[in-house]
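>
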Amino acid sequence: MSGVDFDPRSDHPLGTRRPDLLFTPGGVPLADITLGALRAGDLDATDMRATPETLGRQAEVARAAGREPLAAGLERASELARVPAETMLEIYTALRPHRSTRAQLEAWAQRLEDEFEAPATAAFVREAAAVYAERALVKEDDRAEI
């Protein structure tokens, strides 16, 4: 996810040192995100979201600082920034204890990989499925298959 001449060790914080790399999902540069622009109706709720690119750069910064768990979370956030809110809610619901079979969770993981190009998040869902199975937290009718 490295940008042109982006250095995760020296370009942090991005908003101060590299605002040229920060844009809204609609392409509005960071400098144009102002209260005045919001009041004028030039911005909407989608302009307040982080982009996959920004989150990916933040993951690089965290990794360069030796903060691997934070980097992994930001990497998943980068992937999930492309997933529609309705789908996110469905995945969240599926990951609640006793809501899904192990096969259903695997289907979500596969969909995350295939449809949304989110391999780190798919791995997270597979890991959750394995832990849920181990702790008898998968849906009842799936426990016999494990």
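In case it helps, this note's numbering puts the sequence shown at residues -5 to 140.
Even for Gly, the Cβ is constructed at its ideal location relative to N, Cα and C.
Note that the structure is predicted; figures quoted are calculated from it, not measured.
Please specify which runs of the alpha helix (DSSP H), each continuous and at least 4 residues long, are wholly inside the region 68 to 118, giving them in chain order.
79 to 88 and 96 to 110
> Go ahead and label R3 buried or exposed: buried means 16 or more other beta carbons lie within 10 angstroms of its beta carbon, across all protein chains shown.
exposed
> Quick one: what's P23 bridged to in DSSP?
DSSP, once it has assigned bridges, lists F17 as partnering P23.
> Under a Cβ-count criterion, where at least 16 other Cβ atoms within 10 Å of its own Cβ denotes burial, should G50 be classed as buried or exposed?
buried
> Excluding the 5 residues preceding and the 5 following A88 in the sequence, name in chain order all residues of the same chain whose CB lies nearer than 7 Å to its CB.
S94, Q98, L99 and W102
> What does the alpha-carbon distance come out to for the pair G67 and Y126?
20 Å
> Would you decide whether E73 is buried or exposed? Buried here means 16 or more other CB atoms lie within 10 Å of its CB.
Burial call: buried.
> Touching or not, the region 29 to 41 and the region 52 to 61, by the rule of three or more beta carbon pairs under 8 Å?
no
> Less than 7 Å between the beta carbons of L29 and L16, yes or no?
no
> For the putative contact between A114 and E69, defined by C-beta atoms under 8 Å, what is the C-beta separation to the nearest angstrom?
Under the criterion of beta carbons closer than 8 Å, A114 and E69 qualify as touching, at roughly 5 Å.
> Just mark T18 as buried or exposed, buried being the case when its beta carbon has 16 or more other beta carbons within 10 Å.
buried
> Whose CA, out of H6, R11, T10 and A112, lies closest to the CA of R76?
A112
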